[in-house]
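Worksheet: the structure to be examined is printed underneath.
In UniProt numbering, the protein residues as written are 1 to 826.
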C-alpha cells in the first residue's frame, strides 16, 4: 500500500526529464481509461440486458485496442499507432451506427474526429483545446444515445441513471484520452527532435572548430616555409606532428563511433590481468602530470582481476577518462586511478579534484551529442566524442559507465567490466603483444613550439593583442607577428583579453570566437561599451565560417572576420588593412578637432545688456562639429537680436553650413532689426550652396522700451513664453531656408512683463526617444513646460536636459541640442 501511495504522489510531481514526465501522465490517464471501462462493463453486465452487454464488450475491446496502440506508439512506430488510432475511432463510429442507426448523430462526430486525427497530427494547441471540445461533443451525443436506449429489465430510475452516467463518463474519458495521449506523444517527438537537432548542430560546430584549428597550425607554417624557400625548423615540425596526431585521434574517434553504430566494430578479445594493464596505461601520463604539478595516484585491489576484453579499445576508454580529468584539474590537484571488485564485476575509476560539473551537464554527458553546446564560452576545447566512445565501447564489453560530480569538489568517472574465470598462469598471453605502443601523452595545452617574448619587443610602436585559448595557435600567432615587427601581447581567454585591452591599450586586437570565461563575441561587446574604444580595430578568428555568424559578429562590432584555417599572408593582409583604416580614422579625428576649434571661434559671444535680460544657454553638439548656430547681440536703444538656426543633419557638412550662417550674420546688410527680412537675407545666400541640406531658423528682436518682442520663423520649432499664467506656445508659419530661391515670412509681435521667460530650442531636444520609441516632446517636455516650479527656477535648462537623458537612458544625444532661455528683467 505504501508503495502504491508513493507512486500516486509521484504522478503529481514534475520531474525535469520531459520523457519521464510524459510517461507518468501516460500511466495515470491510461489507468483511468481502463478503470472506467471495467466499471462500465460491470454495471451493464449485472443490471442490463444482452444488447447492453454487447455494447459493454465493445467498449472493453476499445480499451484493449487502445492499450495495444499505446504499446505500438512506445515502440516508436508512430505512423502505425496513428493508423490504429484512426481505425479504432472509425470502427467505434460504425458500431454506434449498428446499435442506433444513422439517425443518432453520434457516429458523425466520431468519424469526423477520426478523420481529424488522421489528417491533422496533434500539436501543442490541440492539447489545450482538442480534448475540451471533443469531451463536450461526446458528452452531449453519448447522453443522447444512452438515454434513448431502453434496457430489457426496467430497474428503478436510479439504476438507469447510474448506467447512463457511467456510460457518459467512460465514453468521454476514453475518446478524449485519444486526443490527450497522442498530443503528448507528438510533443515528446517534437521536443526530442528539436533537442536532437540543436545538439547535432552544436556537435558539428565543435567538430568544425576542432578540425580547423589544427589545420591552421599545419597549413600556416608550411606556407610560411614555402615563401621563405627554407625548410621547416625543428619547432615547426614538432607543432605539425602534434597537430597531425590530434587530427588523427579525432578522425579515429569518429570512425570508431561509426563502426559501432553500423555494427561493424569487431572486438579482438584477449584474456588479461587488468591491474597490470592499468599500470602500463598510466605510465603514459606520468611525465606530464609531474610537469603540471598534479599528484597522480594508482590504487589496485589486492587480488588479481582477469577480464576477457579488447585491450586496444579498453585502453581508449582509460585514455579518455584520464585525459578528461587532466584537462579540468589545475596545478596542485590530484588524480587517482582505481581498480576495485564488486561481486562479478571489475570497476575502473578515475577520481579528480577538478572543477566538477552541474547536474544538467552530467545528465547527457555520455550522449554522442549531449556534451556539445551551442555556447561560445567553453572551459576546454573538445567535441565530447571521447566520453560517448567510452560508453559505446564499454557496453560492447557488457559493462556500464557512470559519473559522479560536484561543483568545486571534483568528478568521479568509472566503468565496469564483467570478470572472466581465472586461468592458470602458464596460459596467460603476454599483454604487451596486444597493447599498442603509444607516444607519451601530450595534451593540446602543453606544446609551445613557437617561442617569443613580450619583453623583447617592447620598443615596437604598434601593439597587437592576441586573445586565443589554444596555446599552440596563440604561440604561432605571436611568433609570426613578432617576426614582422609588432609588439605582441597575448591572453589565454576572453576575460584576460578584456583586462589587457583596458590596461595595455593595444592598437589592434586579434581574438578567437569560442573561448572560456568570456567568448570573443562577448569580448567585442564589452569593448564597444567603452566610448574611448569604439574605434579599436578587432579581427575575429573563428572556425564558425557560416554566413549567420559572419553577420552576427559584424553587427556586434568586429571590423574583420577571418575563418580558420587561414594562411600567414591572409592574416598579415587583414592586419595591414585594419591598421590603415585606423590611421585614416586618426587623421579624420585630427581634422574634426581642428573643425571644432574653428567652430567655437565662429560662434559669437553673447552680447546683451544684463540689466535688461538674463540668459541661459546650453549648446551640445552630437558629433563635435554642430549643425546648430546661435547668436545673441545687442542692437542698442534697448533692443537685442536673437537667432537660433538648425541645419538638417550634423557633422562636417552641417558644420560648414553653420559657418556660412556666421558669415551672413556678420554682413552689414543683414537687417537684424527686422526678423523676417533677416531670414530672407539668409535664404538668398544659402540657396543653391547647401548640397541639398536645408536650414530651419527663428529670429527674434527684443524691445525692452516697449516690453515686446518681434519674431519670425522658417520651419523651426515653436517658441514658448512663460508668464505668471503659465506657458504659451507661439505658433507661426514659414518654410525652411535654402529650399526655394524666394523666401517669404511674416513678423509677429508679442508683449511681455518683467519676470516672463522666453524659451527657444532646437529640435534635438524634442526628438529624443525612449526604448519604446516614445518622443520626449510628448512626455517629459510637456511635464517640464507645465510645471511652473521647473521652468521658473534658476538652471531650469539643466533640469530639462536631465529629464531628456533619463528619458533616452543615455548621456549622449543623437542630434545637436541647443537650448536658449531669456528672462526679462524690466
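Every residue, glycine too, gets a C-beta built ideally from N, C-alpha and C.
| query | result |
| --- | --- |
| With distances taken Cα to Cα, identify the nearest neighbour of residue 407 among 576, 678, 329. | 329 |
| So, residue 618 versus residue 768, is the Cβ gap smaller than 8 Å? | no |
| Taking C-beta to C-beta, are residue 466 and residue 510 nearer than 8 Å? | yes |
| Beta strand (DSSP E) containing residue 631: first to last residue? | 628-636 |
| Does the Cβ of residue 744 have 16 or more other Cβ atoms within 10 Å, making it buried, or fewer, making it exposed? | exposed |
| Quick one: Cα of residue 700 to Cα of residue 758, how far? | 10 Å |
| Buried or exposed: residue 342, going by 16 or more other Cβ atoms within 10 Å of its Cβ? | exposed |
| Enumerated in chain order, which unbroken segments of the beta strand (DSSP E) with a length of 3 residues or greater are wholly contained in the UniProt domain "Response regulatory" (463-579)? | 463-467, 487-491, 508-512, 538-542, 560-563 |
| Just to confirm my understanding: we take residue 344, look at its own chain, exclude 5 residues before and 5 after, and list those with CB closer than 7 Å. What are they? | 418, 419 |
| Can residue 613 and residue 825 be called in contact, C-beta distance under 8 Å? | yes |
| Using a Cβ-Cβ cutoff of less than 6 Å, which residues in the same chain neighbour residue 789 once the five nearest sequence positions on both sides are dropped? | none |
| Note down, in chain order, each residue of its chain lying with its Cβ closer than 7 Å to the Cβ of residue 814, except the 5 sequence neighbours on either side. | 622 |
| Alpha carbons only, please: which of 723, 488, 471 is nearest the one belonging to residue 464? | 488 |
| Cβ atoms of residue 403 and residue 394: under 8 Å apart, would you say? | no |
| Which residue's Cα is closest to the Cα of residue 725: 305, 741, 792? | 792 |
| For residue 224, count neighbouring C-beta atoms within 10 Å of its own C-beta (all shown protein chains included) and say buried if the count is 16 or more, exposed if not. | buried |
| Buried or exposed for residue 706, going by 16 or more other Cβ atoms inside 10 Å? | exposed |
| Are the beta-carbon atoms of residue 356 and residue 294 separated by less than 8 Å? | no |
| Tell me where the beta strand (DSSP E) around residue 341 begins and ends. | 334-342 |
| Under the rule that 16 or more other beta-carbon atoms within 10 Å means buried, what is residue 375, buried or exposed? | Model confidence at residue 375 stands at a pLDDT of 44, short of 50, so the residue's coordinates are unreliable; what they give is reported in the following sentence. The residue in question, residue 375, is exposed, as its Cβ has fewer than 16 Cβ neighbours within 10 Å. |
| Which of the three DSSP states, helix, strand or coil, is assigned to residue 245? | helix |
| DSSP beta-bridge partners for residue 418? | 345 |
| Using only the alpha-carbon positions, how far apart do residue 373 and residue 358 sit? | Here the model assigns residue 373 a pLDDT of 45, short of 50, so the residue's position is not dependable, and the following value carries that caveat. Approximately 14 Å between the Cα atoms of the pair. |
| How many Å lie between residue 250 and residue 521 at the Cα? | 27 Å |
| What residue range is occupied by the uninterrupted alpha helix (DSSP H) comprising residue 780? | 780-786 |
| For a test of the three-state rule: what should DSSP assign to residue 407, helix, strand or coil? | coil |
| Have a look at the DSSP bridge pairing and note the partners of residue 843. | Residue coverage of the chain in this structure runs from 1 to 826, which leaves residue 843 outside it and unanswerable. |
| Take residue 575 as the anchor and find which of 586, 562, 585 has the nearest alpha-carbon. | 562 |
| Tell me the rounded alpha-carbon separation between residue 307 and residue 564. | 45 Å |
| May I ask which residues mark the beginning and end of the alpha helix (DSSP H) holding residue 807? | 796-808 |
| Could you give the first and the last residue of the continuous beta strand (DSSP E) run that contains residue 273? | 270-273 |
| Note the first and the last residue of the continuous beta strand (DSSP E) segment covering residue 327. | Premise fails: residue 327 lies in the alpha helix (DSSP H), 311-327, not in any beta strand (DSSP E). |
| Assign residue 410 to buried or exposed, taking buried as 16 or more other Cβ atoms, counted over all protein chains shown, within 10 Å of its Cβ. | buried |
| Is it buried or exposed for residue 258, if we count other Cβ within 10 angstroms and need 16 for buried? | exposed |
| Leaving aside the five residues before and after residue 215 along the sequence, list all residues of the same chain whose C-beta is less than 6 Å from its C-beta, in chain order. | 565 |
| Residue range of the alpha helix (DSSP H) that residue 299 falls in? | Element bounds for residue 299: not the alpha helix (DSSP H) but the beta strand (DSSP E), 295-300. |
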